[in-house]
Amino acid sequence: MEIEFAFREEKSNVFGIIFRPVVDIVYISNGKEVEGTAYIDSGADISLIPRALGEDLGLKIEKGDSISEMSGIGKPGVPIVIKTIKLRLGDKTFNTRIAWALVEEVPLLLGRIDIFNIFDITFKRNEKTLFSERGNITKEAA
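In this text, residue positions in the sequence shown follow the numbering used here: the first is -2, and each later residue adds one.
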């Protein structure tokens, strides 16, 4: 199975018009589904969602959840809780761990953990991203 997503044209303060790899995702948890468009970030360890999206999915900070801090280039740390939810890309639905940010000011990111175990991802320069399902999906990623 192969899924294709076009790059999105955006304006950069440094480079002017730029094309960025994005993916249309359906986030699924607690019987709720929320659609979103995330940046495909091969440098991100884990996928990231903002507070409101997690709340829309019915996520809650549970007893035993650990609040950690995540940071990126030149930014202060963001408090996060790791949760497991389902994602749907095209016709493929699977479980994945995500970092639920406890603040709003974060972009939707599709990171490596779990995702890169399921798909081989190919970036076609400034055009599209191809997700090709791998044949050997582990139980943790399925």
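Yeah, the Cβ is synthetic: ideal placement off N, Cα and C, and Gly gets one too.
Note that the structure is a prediction, hence the values are computed from the model and not measured.
Report the option in the options whose CA atom is closest to the CA atom of residue i.
| i | options | result |
| --- | --- | --- |
| Val23 | Arg131, Leu99, Phe4, Leu50 | Leu50 |
| Glu66 | Ile0, Gly74, Lys60 | Gly74 |
| Asp42 | Asn114, Arg131, Arg85 | Asn114 |
| Thr119 | Ile70, Glu30, Val19 | Val19 |
| Glu130 | Ala35, Lys89, Arg122 | Lys89 |
| Ser44 | Pro76, Glu7, Thr93, Phe4 | Thr93 |
Can you say whether residue i is buried or exposed, counting buried as having 16 or more other CB atoms within 10 angstroms of its CB?
| i | result |
| --- | --- |
| Ser68 | exposed |
| Ile95 | buried |
| Val11 | exposed |
| Lys80 | buried |
| Asp38 | buried |
| Ser9 | exposed |
| Phe2 | buried |
| Thr126 | buried |
| Thr34 | exposed |
| Ile82 | buried |
| Ile70 | exposed |
Ends of the alpha helix (DSSP H) at residue i?
| i | result |
| --- | --- |
| Gly40 | Element bounds for Gly40: n/a, residue is neither H nor E. |
| Ile52 | First, the amino acid is wrong: residue 52 is Glu here, not Ile. Run containing Glu52: 48 to 53, per the alpha helix (DSSP H) assignment. |
How is the beta strand (DSSP E) around residue i delimited, first residue to last?
| i | result |
| --- | --- |
| Leu84 | 75 to 86 |
| Lys13 | Lys is not the amino acid found at residue 13; the sequence shown has Gly there. It spans 13 to 17 - the beta strand (DSSP E) in which Gly13 sits, taken as one unbroken run. |
| Asn92 | 89 to 98 |
| Glu6 | 5 to 9 |
| Ile64 | 64 to 67 |
In the DSSP assignment, what are the bridge partners of residue i?
| i | result |
| --- | --- |
| Phe128 | Ile0, Ile118 |
With a cut-off of 8 Å, does the C-beta of residue i fall near any C-beta of chain C?
| i | result |
| --- | --- |
| Phe2 | In the displayed structure, chain C is absent; only one protein chain is listed. |
Are there three or more Cβ pairs, one per stretch, closer than 8 Å when the region 43 to 62 is compared with the region 96 to 113?
yes
I want to know whether the region 101 to 121 touches the region 55 to 62 - three or more CB-CB distances under 8 Å.
no
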